[in-house]
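I have placed the structure first, in the form of structure tokens, so that the comments after it can refer back to it.
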Amino acid sequence: VFFSVLLGADALAPYIGRLRITEMFGQDFFERPGLNDTEFSQARRQVKLAVTLAEKLDCIRSGDRGKLQEARDEAQGILEKDPSLQRFISEIAWVYSNRADWYLASYTNTLGSWSMGAVSSRAHGRGREASQQAHTAKLALHSFWKLRRIVQEADEKEKAEKAEQKQESRAEKEEESKAPAEQERHKADEIEELPVSISSALPTFMETFWSLSSHDITSTLDKVLERVLRDGSIDVAARCER
């Protein structure tokens, strides 16, 4: 729940389902799900999203333009409520556009998946994916070092507190002699010390979470669109219209 609220992903559940990172942190750390359970959950997520997307596209394909306007209004409403979700919307739109170009070029050219348009779209998608992976690895490394620094600072603080305990009698006398205002300021400094070190690392942590979520969105929608655009229950012309 924390990561769903933090990333604002709940509002986009109809488009991307439940992010893996929210499931991972939502599980009991002492009872992690097995590999089969994780794969089943991901496959179920893909199928549900594919069915919903196919229904929407088929309504538009059949001439129901109201559905198209409804989808636009829904996306606009999401952005008006939370402008920070623009990154998610842009990621979803890019994947939709790239995969549509890829499959459309494959269906409409005699060379199929080896046509210039299909190869170009596929290369663009794979190149973007490789760039995202490199960026995520860099952010993960930065997050590790920042987390390590926070832990080191906490350890140093604990050691300092233990050293101060040896001079407890003297410290108590000094505290009693301090003015009330100075005591309050000293306490405030102690309280704020740790939050400042954590807050300085939060932007990096958040960017790392976003990058991981971006990978999740891309890989999930890739499978979803493959199910929708390679649906054997309809003919090629209908798939191109989708």
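Be aware that the sequence shown starts at 1, since it is given in UniProt numbering, and climbs by one per residue. Yeah, the Cβ is synthetic: ideal placement off N, Cα and C, and Gly gets one too. Small disclaimer: the values here were computed from a predicted structure and weren't measured.
By how many angstroms is the C-alpha of E39 removed from the C-alpha of E70? 33 Å
Since T110 and S211 should fall inside the 8 Å C-beta cutoff, what is the C-beta to C-beta distance between them, to a whole number of angstroms? Their Cβ separation, rounded to whole angstroms, is 39 Å, which puts T110 and S211 out of contact at 8 Å.
Between L57 and R242, what straight-line distance do the alpha-carbon atoms span, to the nearest angstrom? 6 Å
Starting from P14, follow the alpha helix (DSSP H) in both directions and report where the run begins and ends. A13 to I16
Buried versus exposed, by CB contacts within 10 Å (16 or more), E91: buried
For R44, does the three-state DSSP call read helix, strand or coil? helix
Which whole-angstrom value is the C-beta distance of residue 271 and I16, which I expect to be below 8 Å? Any question about residue 271 goes unanswered here, given that the chain covers just 1 to 242.
Since A11 and I78 are thought to touch, with beta carbons under 8 Å apart, how far apart are those beta carbons, to the nearest angstrom? 5 Å
For R227 and Y107, which I take to be in contact (beta-carbon distance under 8 Å), what is that distance rounded to the nearest angstrom? Not quite, the Cβ-Cβ distance comes to about 16 Å (not below 8 Å), so this is no contact.
In chain order, which alpha helix (DSSP H) runs of at least 4 residues are fully inside the region 45-122? 65-81 and 86-108
Rounded distance between the beta-carbons of R44 and R18, thought under 8 Å: The pair is not a contact, with the Cβ atoms about 10 Å apart (cut-off 8 Å).
Determine the DSSP secondary structure at G232, reduced to helix, strand or coil. coil
Is it right to say R72 is buried, meaning 16 or more other beta carbons lie within 10 angstroms of its own, or is it exposed? exposed
Below 8 Å between beta carbons: does that hold for A102 and G125? Going by the sequence as given, residue 102 is Trp instead of Ala. Result yes, Cβ atoms of W102 and G125 sit closer than 8 Å.
Please tell me whether D231 and R99 are closer than 8 Å, where the distance is taken between their beta carbons. no
Among E55, S113, A123 and Q133, the one whose alpha carbon lies nearest that of T208: Q133
Residue burial classification, A237 (beta-carbon count within 10 angstroms, cutoff 16): exposed
Cβ of T204 within 8 Å of Cβ of S121? no
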